[in-house]
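Residue numbers (my numbering): 20 to 363.
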Amino acid sequence: CFTPIANSTKSSFFKDTLYANQYNQTTLCNTTIMSTYMWSSGWCSDVSHVAKGLLESATIHHKPFQVWTGEHWHYTRPKKAHNKDHLQPVCPTGDMYCYFLPLGPCAVPLQDKQPGASFNPTLLLPHELEQSIGKWTLEYVTRPQQWLRNALYQNVAKLSPAIQTPCAVVHVRRSDVVLHQGSSRKYFAIQDYLTKLNESRPDLKNIFLLTDDANAIDEAIEFHSDDYHLMYLNRTRHRGSSGGWENQIPSNSPKFETITILSIFRLVKKCNVFVHSASGFADIIYSHMVGNTDEQDVLRLILSKGDVMHANNSKTEQTLQLQLKNRRKNNTHHNGNTTTTTTD
Numbered sequence: 020c021f022t023p024i025a026n027s028t029k030s031s032f033f034k035d036t037l038y039a040n041q042y043n044q045t046t047l048c049n050t051t052i053m054s055t056y057m058w059s060s061g062w063c064s065d066v067s068h069v070a071k072g073l074l075e076s077a078t079i080h081h082k083p084f085q086v087w088t089g090e091h092w093h094y095t096r097p098k099k100a101h102n103k104d105h106l107q108p109v110c111p112t113g114d115m116y117c118y119f120l121p122l123g124p125c126a127v128p129l130q131d132k133q134p135g136a137s138f139n140p141t142l143l144l145p146h147e148l149e150q151s152i153g154k155w156t157l158e159y160v161t162r163p164q165q166w167l168r169n170a171l172y173q174n175v176a177k178l179s180p181a182i183q184t185p186c187a188v189v190h191v192r193r194s195d196v197v198l199h200q201g202s203s204r205k206y207f208a209i210q211d212y213l214t215k216l217n218e219s220r221p222d223l224k225n226i227f228l229l230t231d232d233a234n235a236i237d238e239a240i241e242f243h244s245d246d247y248h249l250m251y252l253n254r255t256r257h258r259g260s261s262g263g264w265e266n267q268i269p270s271n272s273p274k275f276e277t278i279t280i281l282s283i284f285r286l287v288k289k290c291n292v293f294v295h296s297a298s299g300f301a302d303i304i305y306s307h308m309v310g311n312t313d314e315q316d317v318l319r320l321i322l323s324k325g326d327v328m329h330a331n332n333s334k335t336e337q338t339l340q341l342q343l344k345n346r347r348k349n350n351t352h353h354n355g356n357t358t359t360t361t362t363d
C-alpha cells in the first residue's frame with residue numbers, strides 16, 4: 020500500500036522543506052508559530068488556504084506552521100445554520116485532523132486563536148496549482164490517515180469500473196454560485212459544456228459528469244443521453260441554490276462528502292479531457308488529472324461567457340430554468356444512455 024515517492028525532487032521537497040520546517044529539532048515549538056484560521060468555506064478555499072500557509076511558513080519565514088479551527092470545520096460537522104439534526108463532529112477535535120495526518124507537533128497559543136491574530140498567507144497558491152510546488156504542498160496537507168486511505172481504496176475500487184474510457188470530465192458548478200451578490204457566477208446549461216467539448220473533441224462521447232446540482236443530472240439525462248454516455252455518482256445533491264450559502268454537506272454526512280471528494284480526485288485520472296467553468300474546485304480536479312505528467316496529456320477546456328463574476332449572474336438560475344422550459348415545449352429532449360455509480 021505504501022511506496023516510495025518516485026520523483027526525487029518531490030521527495031526532497033516533502034522531506035527537506037516541509038517536514039524539516041515542521042519538525043525542526045533546533046527550534047521545535049520554541050519559536051513563534053505561524054498559524055492561520057480554518058475558513059470553513061469551500062473545499063478549495065479551505066485546503067488551499069492551509070497549503071498557502073504551510074508553503075509560505077516553510078519557504079519564506081522558516082518557522083513551524085499550524086492551522087486552528089474555531090468551533091469545528093464544516094467538513095467534520097455542518098455549520099450551525101445547516102446542522103438541522105444536531106450532528107456531532109466526525110472526531111472529537113472537529114478539525115482537519117479528523118481525516119489528515121498532523122502537519123506538525125506545535126500547538127497554536129491560545130492568544131493567537133482569534134481571526135485577527137492569524138497570519139494571512141499571501142502566496143497565490145490557488146493560481147499555482149498547475150505548478151509542482153503548489154500541487155505538492157496541497158497533497159502534503161491532505162495526506163489521509165490510514166482509515167481514510169483504506170476507505171478511499173475501497174470506494175475507488177468499487178466506482179472505477181463504471182468509468183468507461185476514453186472520457187471527458189465535465190464539471191458543472193452551480194449551487195450557491197448565484198448567491199455571491201457582486202461576485203456571482205453563471206449557471207451554464209449542460210449544452211454549453213458539450214458545445215465547448217465538441218469544438219475540440221467531437222468524437223468523445225463518454226462523459227463523467229461532476230456537479231453539485233441535482234437539476235444538472237436531470238437536465239443531462241433529459242436532453243443529452245441519446246447522444247452521450249453519461250456517467251455520474253449516485254449521491255445526494257442540492258437542487259440549484261436551494262441549499263443556501265456555503266452548505267457543502269447536502270447528504271448531511273461530512274464523512275461521506277469528504278470520502279466522495281477525495282475519491283473524485285482519484286477517479287478523474289481515468290479521463291484526459293476536462294471541461295469546466297470558473298471554479299477553484301475545478302482547479303484542484305485538473306491538478307489531479309495532470310498529476311506528475313506533462314500537462315499536454317490533459318486537454319483543458321474552460322467555459323466562459325461575459326463577466327465571470329457579476330451581480331447580473333445571480334439571475335442566471337431563473338434564466339436557465341426558462342430556457343429549458345422553452346426547449347421542452349419544442350420537444351427537443353432525449354433519454355436513455357446513462358451509467359450511475361454509487362457511493363456509500
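Backbone N, C-alpha and C define an ideal beta-carbon position, used for all residues, glycine too. Remember, predicted model here, so these are calculated numbers, not experimental data.
In this structure, the beta-carbon distance from Q183 to N225 falls below 8 Å.
One Cα belongs to Q41, the other to Q165, and the distance between them is close to 21 Å. Contact annotation: L286 and V175 have beta-carbon atoms nearer than 8 Å. With a beta-carbon spacing of about 7 Å, V191 and D232 fall inside the 8 Å limit used to define contacts. Nearest to L281 by alpha-carbon distance, out of I304, Q107 and S272, is I304. Per DSSP, reduced to three states, the secondary structure at M53 is strand. Excluding residues up to 5 positions away in sequence, L228, T230, Y251 and R256 lie with their Cβ nearer than 8 Å to the Cβ of I236 in the same chain. Between the alpha carbons of F21 and Q340 lies a gap of roughly 48 Å.
A check of alpha carbon separations from D245 across K34, V66 and T358 identifies T358 as the nearest. Here DSSP, grouped into helix, strand and coil, assigns T230 to strand.
Sequence-distant Cβ neighbours of S64 in its own chain, meaning closer than 7 Å and more than five residues away, are W58 and G299. Taking the Cα positions, L47 is about 38 Å away from N266. With respect to the 8 Å criterion, P128 and T55 are not classified as neighbours on the basis of their beta carbons. C-alpha of P269 to C-alpha of K215: approximately 29 Å in a straight line.
Burial of D195 is indicated by the presence of at least 16 other C-beta atoms within 10 angstroms of its C-beta. In the same chain as F275, and ignoring 5 residues on each side of it, no C-beta atom comes closer than 6 Å to its own. Distance from the CA atom of H243 to the CA atom of W264, rounded to whole angstroms, is 29 Å.
Secondary-structure assignment with DSSP links L318 through a beta bridge to V292. Residue pairing by DSSP puts N225 in a beta bridge opposite H248. Following the DSSP letters along the chain, one finds A187 inside the beta strand (DSSP E) bounded by residues A187 to V191. For F275, the enclosing alpha helix (DSSP H) stretches over residues P273 to L286. Here DSSP, grouped into helix, strand and coil, assigns F84 to strand. L343 and S260 have their C-alpha atoms some 17 Å from each other. Here T357 is bridged, per DSSP, to L249. Going by DSSP, M308 is part of the alpha helix (DSSP H) stretching over G299 to V309. Residue environment analysis places H105 among the exposed positions, since fewer than 16 neighbouring C-beta atoms fall within 10 angstroms of its C-beta.
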